[in-house]
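Add 770 to a position in the sequence shown, counting from 1, and you land on the number used in this note's numbering. The structure under discussion appears below in the form of structure tokens.
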Amino acid sequence: MAGDCAVRVSDTRRGERTVVLLHGYLESLDVWDGFTELLAPAVRVVAVDLPGHGVSEVKGAVHTMEFMADTVRAALRTLGVERAVAVGHSMGGYVALELLRKYSDALDGLVLFHSSPDADSERKREDRLREIALIEGGKKELIARTFPHVGFAPQNRERLAWAIGELAEQIAMTEDAGIVAVLRGIRERRDLNDAMRGSSVPQLLVFGRHDGYVTPEAAAEIIRRQPQARVRWLENSGHMGFVEEPERAAGLLKDFLEEVYGGAVGSA
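Structural data, given as structure tokens:
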């Protein structure tokens, strides 16, 4: 249990420093499997099925990003982890930003893969409502068929067809009520540009040159508003850089950890 929410976690349990991996929308902790292997045992790696995803519990009609951050914090404390570097992919980045806002004293660093501190635009809020209507209309299989491949750069889709298939399976196993609760929470999330810019916690932003969600143009605007953050690009990735370029992505994270900890991240 994490607070009053039952969640699934994975934990390598080895390493003096801890990284917590927070997956994106319609994913689960399984999406991090290969990436975890590249990080451990240099650091302890914890991953969480965020509420409403994977096999974690659905708690009510709305899963706010704050609620999910509270749950992650509770899960870490249950595991005996008092400080960690939070690594969030897409929606997981929204959760990581809420950790930064509420629990900055528990973070040694913040890493956002293909994510943003912006709140939803009105257009995106309307898109979320249309997606909720699809789910409530029993059309989740349509999302499972069309959503996964869009996250990958076109040149990577054939090579990573296995990963696209796994994402489709993860969507199929996600409870409809959980998807709807999360979509409602994403619509309600606050703008955290000020919280991010005003924080002394070290920060790394990782973007993909071929990302159709956080486009290079959108990334440039985020970078402009967050001059304190380190920025790195994955030149051959879309929205799933830690799957599309795993060694490069893991190397960027390890470099960041060495900066944060002065090289003291354990030995591989």
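Just so you know, even glycine gets a beta-carbon here, dropped at the ideal spot from N, CA and C.
- For GLU1028, same chain residues with a beta-carbon under 7 Å away, outside a window of 5 residues either side, are VAL1035 in chain order.
- DSSP places GLY1021 within a helical segment (H, G or I) once states are collapsed to three.
- Judged by DSSP secondary structure, GLY863 falls outside any beta strand (DSSP E) and instead within the alpha helix (DSSP H) spanning 861-873.
- With 16 or more other Cβ atoms from the protein chains shown falling within 10 Å of its own Cβ, MET835 counts as buried.
- In the structure shown, the three-state DSSP call for VAL984 is coil.
- In this structure VAL816 is in contact with VAL790, their Cβ atoms being roughly 5 Å apart against a cut-off of 8 Å.
- Boundaries of the alpha helix (DSSP H) harbouring PHE1012: 1011-1014, taken from the DSSP string.
- Sorting LEU809, GLY822, SER780, SER1007 by C-alpha distance to the C-alpha of GLN940 places GLY822 at the top.
- The bridge partners DSSP lists for SER780 are ALA817.
- Its Cα nearest to that of LEU808, the residue THR782 stands out among THR782, GLU936, SER886, ALA839.
- With respect to the 7 Å criterion, LEU792 and VAL865 are classified as neighbours on the basis of their beta carbons.
- Its Cα nearest to that of LYS894, the residue GLU958 stands out among GLU786, GLU958, THR806, MET838.
- With respect to the 7 Å criterion, GLY955 and SER860 are not classified as neighbours on the basis of their beta carbons.
- In the same chain as ALA844, and ignoring 5 residues on each side of it, the C-beta atoms closer than 6 Å to its own belong to ALA772, GLY773, in chain order.
- Listed in chain order, the non-local C-beta contacts of LEU820 below 6 Å within the same chain comprise MET838, local neighbours out to five positions each way being set aside.
- The Cβ atoms of ARG1002 and LEU1022 lie closer than 7 Å to each other.
- With a threshold of 16 other beta carbon atoms within 10 Å, PRO986 falls short and is exposed.
- DSSP places ARG979 in no beta strand (DSSP E); its state is neither H nor E.
- By DSSP's assignment, GLY879 forms a beta bridge with VAL855.
- Nearest to CYS775 by alpha-carbon distance, out of LYS910, ARG787, PRO811, GLU827, is GLU827.
- For ALA772, DSSP records a beta bridge to CYS775.
- Between the region 957-977 and the region 921-940, the count of C-beta pairs closer than 8 Å stays below three; the two stretches do not touch.
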